[in-house]
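Residue numbers (the numbering used here), protein chains in the order written: chain B, 1466 to 1576; chain S, 237 to 351. The beta carbon of each residue, even a glycine, is placed where N, CA and C say it ideally should be. In this text the structure is predicted, and so the values were computed from the model without any measurement.
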Amino acid sequence: QQPVQSPQAVILREGEDAVINCSSSKALYSVHWYRQKHGEAPVFLMILLKGGEQKGHDKISASFNEKKQQSSLYLTASQLSYSGTYFCGTEMGGTASKLTFGTGTRLQVTL
Amino acid sequence: GAVVSQHPSWVICKSGTSVKIECRSLDFQATTMFWYRQFPKQSLMLMATSNEGSKATYEQGVEKDKFLINHASLTLSTLTVTSAHPEDSSFYICSARTGGKNIQYFGAGTRLSVL
């Protein structure tokens, strides 16, 4: 079953913060975050493994709560380049299993 | 590193013809590649998992005789849409997996338009 992301869409002014959530109905082994710009391929942002870890990449960080089967992506001091659609990809078990992508969150950063 | 090339980026074909899409991992070997389909403003839906040297694993509802997948080498997987129809028009994206953490790197996608 497809993970549900919230919000579906968000508009920010440059410099504002945003949080994108990803919820799964199934137990997760890992969560992957990608950003896709219109007409382009998704770009890998980060992976979180079970264990409740948090990760950061520049001003983008994420957390993974395996008990709640949820992950959140935090965008701090957003830049115009952050605009795009964000997808979480969930993996349920092992290192060879497939990713199921979430419903997506469209983010637009304006001046 | 971890570059995936997909070709062609755009193809227009007549109904009933077949179209082949190539996915190459340029700087790493990929024993597993994935093929996705994406409709406008929607998420990526996995069509099949392509394994080097063996048959692809198709997702439920995906016709394996219509979407032929061949993964003949560690750097190349191909998707052939046979007897394409207008409803097959979509954005097809491949990805290749590298490393033990199942990180997938995506090709730029192929926009297929069937007339």
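- Under the Cβ criterion of 7 Å, S/A266 is not counted among the residues facing chain B.
- Under a criterion of Cβ atoms nearer than 8 Å, no residue of chain B is adjacent to S/L262; the nearest Cβ is some 14 Å distant.
- For S/T268 and S/T285, the gap between their C-alpha atoms comes out near 7 Å.
- Contact annotation, S/P244 with S/T346: C-beta distance approximately 6 Å; criterion of less than 8 Å satisfied.
- Nearest to B/Q1467 by C-alpha distance, out of S/F275, S/L280, S/S254 and S/I248, is S/L280.
- Assigned with DSSP and collapsed to three states, B/Y1494 falls in coil, not helix or strand.
- Residue burial is scored here from C-beta neighbours: S/H307 has at least 16 other C-beta atoms within 10 angstroms and is therefore classed as buried.
- When the beta-carbon positions are compared, B/Y1551 and B/I1485 come within less than 7 Å of each other.
- In this structure, DSSP gives B/L1514 an extended state, which the three-state scheme calls strand.
- Residue state for B/L1540 is assigned as strand, using DSSP reduced to three classes.
- Around the beta carbon of S/L351, fewer than 16 other beta carbons sit within 10 angstroms, so the residue counts as exposed.
- Interface with chain B (7 Å Cβ-Cβ cutoff): S/A344 is included.
- Taking every protein chain shown into account, the CB of B/P1472 has fewer than 16 other CB atoms within 10 angstroms, so this residue is exposed.
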